[in-house]
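Chemist:
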Amino acid sequence: MNKAIVSGIVAAGIALSTLPWLGAPAFWESFLYLLFHWIILAVSWNILSGYTGYFSFGHGAFFGAGIYGTAYLAGTVGWPFLATLPAAVLVAAALGVALGAVVFRVASVRGELFALLTLAITFVLATIILNTSIDGGPGIYLLGVDIPRLGPSPAASLYMLGLVSAVATLLISYWIYASKFGAGLFAIHDDEDVAEVMGVPTYRFKLYALAISCGLVGLAGGIHAVFISYVTVSETFSITVPLSVVLMSILGGSRHWIGPAVGAVFITCLLYFFTSGDFAVFGRAMVGLILVVVILFMPTGVLGVFTNWRHARRKQQAVVEPPPSHEGVDGQAAPVVRLAAKPVISGEVLLQVRGLTKSFAGLKALDDVTLEVRKGEILGLIGPNGSGKSTFINVVSGHFKSTAGEIVFDGKTLTGLDAHRFAQAGIARTYQIPRPFGHMTVLENVAMVGMFGGEGMSRAEAMKQAEEFVAFAGLSHRAHVLPEDLNLHQRKFLELARALAARPKLLMLDEVLSGLTPSEINEAIEMIQRIRDRGTTIIFVEHVMRAVMALTDRIVVLNYGGLIAQGAAVDVMNDEQVKAAYLGKAHA
Amino acid sequence: MTFPSLNLLLQSILSGVFIGGMYSLIGLGLGLSWGLLRQINLAHFGFVFLSAYLSYHMVSVWGLDPLLTLLILPPFFFAIGVAQQWLLSRFKISPFNSLLVTFGFTVMIESLIQYVWTADFRKLQSAYGEEKFKIAGLFVPVPELLTLLLAILFAFGVWAAMRFTDIGKAMRAMAEDGPIAAAFGINQRWLSLMLSGTCVALASIAGVCFALTFTLTPTQIFSWVGVVFAVVMLGGLGSALGPLVAGIIIGVSEAIAMAIFAPSWAPIVSFSLLILMLLFRPGRA
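Order-wise, the sequence lines are chains A and B. Under numbering that gives the first Met the number 0, think of the first position of the first sequence as 0, with each following residue one higher. Under numbering that gives the first Met the number 0, think of the first position of the second sequence as 0, with each following residue one higher.
1. Which residue's Cα is closest to the Cα of A/SER396: A/ILE39, A/ASN384, A/THR412, A/GLY385?
2. DSSP three-state label for A/ILE537, please.
3. Is it buried or exposed, A/THR604, if we count other Cβ atoms within 10 angstroms and call 16 or more buried?
4. On a Cα-Cα basis, can you pick out the residue from A/ALA210, A/LEU40, A/ILE406 that is closest to A/VAL240?
5. In its own chain, which residues sit with a C-beta less than 6 Å from the C-beta of A/GLN464, not counting the 5 before and 5 after it?
6. Determine the burial state of A/CYS268: buried for a count of at least 16 other Cβ atoms within 10 Å of its Cβ, exposed for fewer.
7. Does DSSP put B/PHE260 in a helix, in a strand, or in coil?
8. Going by alpha carbons, who is nearest to A/ASP509 out of A/VAL547, A/ALA155, A/SER518, A/SER475?
9. Among A/LEU365, A/LEU34, A/PRO433, which has the Cα closest to the Cα of A/PRO590?
10. Looking at B/ILE220 and B/THR105, is the spacing between their C-beta atoms short of 8 Å?
11. Quick check: the stretch 114-126 of chain A against the stretch 259-273 of chain B, are there 3 or more CB pairs under 8 Å?
12. According to the neighbour-count rule (16 or more other Cβ atoms, all chains shown, within 10 Å of its Cβ), is A/TYR67 buried or exposed?
13. Label A/MET544 either buried or exposed according to how many other C-beta atoms from any shown protein chain fall within 10 Å of its C-beta, with 16 as the threshold for buried.
14. Confirm, please, whether the CB-CB distance from A/LEU493 to A/LEU485 is below 8 Å.
15. Verify the CB distance criterion: does B/GLY15 have a CB-CB separation below 8 Å to chain A?
16. Mind checking whether B/GLY297 and B/GLU253 have CB atoms under 8 Å apart?
17. Just list the residues that DSSP pairs A/GLU405 with in beta bridges.
18. Going along the chain, which residues of the stretch 77-97 of chain B sit with their C-beta nearer than 7 Å to a C-beta in chain A?
19. Here's the rule: buried if 16 or more other CB atoms are within 10 angstroms of the residue's CB, otherwise exposed. What is A/ALA23?
20. Per DSSP, which residues does B/PHE132 bridge with? Please list them.
21. Run through chain A and tell me which residues come within less than 7 Å of B/GLY225, C-beta to C-beta.
22. May I have the straight-line CA-CA distance separating B/VAL157 from A/ALA106, to the nearest angstrom?
23. Look up A/ASP532 in the DSSP assignment and say whether it is helix, strand or coil.
24. What separation, rounded to the nearest whole angstrom, lies between the Cα atoms of A/GLY95 and A/ALA210?
25. Name, in chain order, the residues that DSSP records as bridge partners for A/MET507.
26. Examine chain A for any beta-carbon lying closer than 8 Å to the beta-carbon of B/ILE274, and answer yes or no.
27. Just to make sure I have the definition right: I need the residues of chain B whose C-beta is within less than 9 Å of the C-beta of A/ASN130. Which are they?
28. Quick one: list the residues of chain B neighbouring A/LEU250, beta-carbon separation under 7 Å, in chain order.
29. Less than 8 Å between the CB atoms is what I'm expecting for B/LEU123 and B/SER54, so what's the real figure, rounded?
30. Let's see if you can read the secondary structure: which residues bound the beta strand (DSSP E) around A/GLU371?
31. With a threshold of 8 Å, are at least 3 pairs of Cβ atoms found where one atom belongs to the stretch 108-127 of chain B and the other to the stretch 206-223 of chain B?
32. Is it buried or exposed for A/GLN576, if we count other Cβ within 10 angstroms and need 16 for buried?
33. Helix, strand or coil for A/LYS411? Go by DSSP, reduced to three states.
34. When the Cβ atoms of the stretch 226-244 of chain B are set against those of the stretch 26-41 of chain B, are three or more pairs found closer than 8 Å?
35. Got a sec: which bits of the stretch 14-44 of chain B sit with their beta carbon under 8 Å from any beta carbon on chain A, in order along the chain?
36. So the candidates are B/TRP223, B/GLY246, B/GLN84; which of them puts its Cα closest to the Cα of B/TRP189?
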């Protein structure tokens, strides 16, 4: 269906490009120009904020950078108008990248804090432009700027520029939406930490999204400078631009590539027809009222409501399908996932951890841990609550950077790298409390990891492979529902399928069995055995000792962050220190 | 860049303290609802202006004493705050969406103001308006002094209430973890309604002070958003005394920047402080 919309947009673009030669009243050119203008602003905002969830209130700043880029170069320096447009794009994008390079490093500046920070940037930029020779106070007149003839009149030329830019923006928005890059952005939106651990280079992706978003809005600014022909700081950097853009996107649906355009058309028409004439005040009040009503009654926007409706329909269809036999578990319904005949534990070391230490403000959660994991084995990692097991997984998956020590995996030193590099090297993990990407279906969740984990795949390949892993985990009948509709047992299996989709060399399972019933535990144990049989090395963190004894080849015991014993399960269990750690010492 | 005389510098520091009082009086209610209710109430600014216009109207048209409006308006705005909180909690609004919804309210308030009082500049003329006295060579305008005193009074009042009363303790517990607080018998719903009412009542008090000191025009609403946000974040969300200190710091640094550079450079001080704050101490927010 999206493809049809894309063709529709291109066709509409071609049809609209004939308008200036049809002799329509000049009103239509300027009205449609404004429509294009707002479409570019809203859609470009959405590429950053809708897709990644980083709500920017700084669109006014990037817009202003574009406006003043063109105004200064064309009006003050005297460049030809068309030559200033690439400059406007570059200035706005560079401003965005410079900002993002700093801000995106600070993990806690998300949500409303990011919104505020970008708002503050707007005012800072406005103050600088107002007080320097770029503007200096009186504003810049652009009436003398030559507009190249792209149509029968100067107004028609601007109309054509707006049209082309709007169509291009929509196509870029769709391209990102449908690409692997876009899948990464949506993962950042849902859970940035998990996205990074699953192999999405979050920092780089956020910067790209910001640069594209800023570049497009800079283009809109550059064109608009000449359209309004008199540029002032107070008009350019007013709060109107960022807020209208947010409003349009939310109204249309910010998780959809065309949602903001729908919102832009609606609001622009509303404002145009209400604010011209005597109803200006009512028009504004009406916009406020619509915003309130929309957020209260459809917080996901018009297209969001539509998408939810489609999910709901799929869910109903899913119920009609026959319930699963234990097909995933006895291994017959997953033919493509080949099982090796016999596990082979080689002497070769896959993961080597030396002197690994992690401190949280003085508390040593991991204290000088040294261990090796050999290819093909299942290593049990046990210890009382708070002994550092989860910290170990968080450090070895790259989520936490170690305070000291070294991590060598498959011959590569990973110490200090970003988490997505760990994932790309072939390390995958599950979360004790499942953390699926909330707005993606089960299948999309699994495909996401196929795209970014390990060596990575194209989007199409990953989608195809995901079906196999979903079947392997016995979730085929739930493939198209959202994670919120799964029960705990299914979510845990989704975690497994997702980790497997990375085709990891090392899989770290963080208490996958907790909260499951005894028969579900049996199922899970079988599945873990089958994963190992495929040649995957596993670190298995668990409290369910029955499973630990049944599955593991070797056990490592942590206590207070330090390694206190390792060896075969039976030996370790009889170790005095281990007994003391679990049961306490007798005060004799 | 010119260095002003010592007297001029002191005078501008003093005016910075006064404007800081205004910032903190507006910021107090905003920060409380942000920190304790997790709502970013942009409408707070709308309420400040609505209250300022109502005060103007009561004084200029009905001939009331400005200080009397300080008693009449807060209960009325308390009710508005309660109603708003009822609406937001009824729809379980997330912090981010609260920003958007209350922006919608603000636009509606702005339109209402523009419809009733037009976009013209309005100035409340009262007996206190122009009054000032001189201490140690420095002019002290009475309305600004009143604003500062009220800001101090309410900051300490709220601080004491939060610290020493049971309701205050319950509110802090609710902000920490609502469901757990509710499990221990705290009536979250009622507390939120009261708290929101209080915050909006504080906005109306700030509004009356605003009318006493500033010329009113509806489009000014949004020009206060940035600097007051900076004050609230610098002072710490949900803190009572924080905004007072932060408001005065920002007010004074702005005033010094104005005196040494040019008045138009002033915004850069508060926003740079806000940006640095967000980048280096985001945990406070």
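Idealized CB from N, CA, C, for every residue including glycine.
Modeler: For this structure:
1. A/THR412
2. strand
3. Residue 604 of chain A lies beyond the residue range present for chain A, which begins at 0 and ends at 587; the question has no answer from this structure.
4. A/LEU40
5. GLY449
6. exposed
7. coil
8. A/VAL547
9. Within the shown structure, residues of chain A are numbered from 0 to 587, placing residue 590 of chain A beyond reach of any answer.
10. yes
11. yes
12. buried
13. exposed
14. yes
15. no
16. Summary: the structure shown does not reach residue 297 of chain B, with chain B confined to residues 0 through 284, and so no result is reported for it.
17. A/ARG353
18. PHE90, PRO94, PHE95, ASN96
19. exposed
20. B/VAL139
21. LEU118, ALA119, PHE122
22. 32 Å
23. helix
24. 6 Å
25. A/ARG428, A/ILE538
26. yes
27. PHE260, ALA261, SER263, TRP264, ILE267
28. None at all; the shortest Cβ gap to chain B is about 10 Å.
29. 7 Å
30. 362-373
31. yes
32. exposed
33. strand
34. yes
35. ILE39
36. B/GLN84
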